[in-house]
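Residue numbers for the sequence shown follow the working numbering, beginning at 46 and rising by one. Single-structure report; data block below.
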Amino acid sequence: MNLVARYVLRETFGAWLVVTLVLFVILMTNQFAEILDDAAADQLPRDAVFGVLGLTSLRYITMLTPIGLFLGIMLALARLNRDSEMAALAACGIG
46 MNLVARYVLR ETFGAWLVVT LVLFVILMTN QFAEILDDAA ADQLPRDAVF
96 GVLGLTSLRY ITMLTPIGLF LGIMLALARL NRDSEMAALA ACGIG
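Given below as structure tokens:
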């Protein structure tokens, strides 16, 4: 893997990680409120709250990974374009 590919991959990975974590925190906060509501209404045992939350997080992370990757790629490429790095790469014959 050459230097430019590593640079673009690093930019994409950073944006993907941030987007996925932000979306994950938002969804898990909402899910935690719903699970606490069920526990308060005695529909769910109180000691099972974090177990259910952990299992729900697995479902959400599989859903958020491709969405976060798509948005991360878009953000990374937009930043490269905004900073005129895409033009510099094109001028060097890359891409």
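In this text, a Cβ means the ideal position worked out from N, Cα and C, and glycines have one as well.
Exposed or buried, what is I139 when buried is set at 16 or more other beta-carbons lying within 10 Å of its beta-carbon?
Here the question's residue 139 lines up with position 94 in the sequence shown. Exposed: under 16 other Cβ atoms inside 10 Å.
Count the CB pairs spanning the segment 49-66 and the segment 106-124 that are closer than 8 angstroms, and state whether there are at least three.
At 8 angstroms Cβ cutoff, the stretches touch.
Starting from N75, follow the alpha helix (DSSP H) in both directions and report where the run begins and ends.
Indexing the sequence shown from 1 puts residue 75 at position 30. Looking at the DSSP string, the run of the alpha helix (DSSP H) that includes N75 is L48 to A85.
Which residue from G117, L122, A133 and R127 puts its Cα closest to that of G59?
Residue mapping note: residue 59 aligns to position 14 of the sequence shown, counting from 1. Nearest C-alpha to G59: G117.
For R155, collect the residues of the same chain with a Cβ closer than 7 angstroms to its Cβ; drop the 5 residues on either side in sequence, then sort them by chain order.
The first residue shown for the chain is 46 and the last is 140, placing residue 155 beyond what the model contains.
The alpha helix (DSSP H) with L134 in it runs from where to where?
Here residue 134 refers to the residue found at position 89 of the sequence shown. Note, L134: alpha helix (DSSP H), E130 to A136.
How about I80 and L72: do their beta carbons lie closer than 8 angstroms?
By one-based count along the sequence shown, residue 80 stands at place 35. By one-based count along the sequence shown, residue 72 stands at place 27. The answer is no: Cβ separation not under 8 angstroms.
Below 7 angstroms CB to CB, which residues in the same chain sit around T101 once its five sequence neighbours on both sides are set aside?
Here residue 101 is taken as the residue at index 56 of the sequence shown, counted from 1. If we look at T101 and ignore the five residues flanking it on each side, its Cβ neighbours are Q76.
Please report the distance separating the alpha-carbon of W61 from that of A93.
Translated into positions along the sequence shown, residue 61 becomes position 16. Translated into positions along the sequence shown, residue 93 becomes position 48. Those two C-alpha atoms are separated by around 31 angstroms.
Can you grab the Cα-Cα spacing for the pair S129 / T107, in whole Å?
By 1-based counting over the sequence shown, the position of residue 129 is 84. By 1-based counting over the sequence shown, the position of residue 107 is 62. If I take the Cα positions, the gap works out to 34 angstroms.
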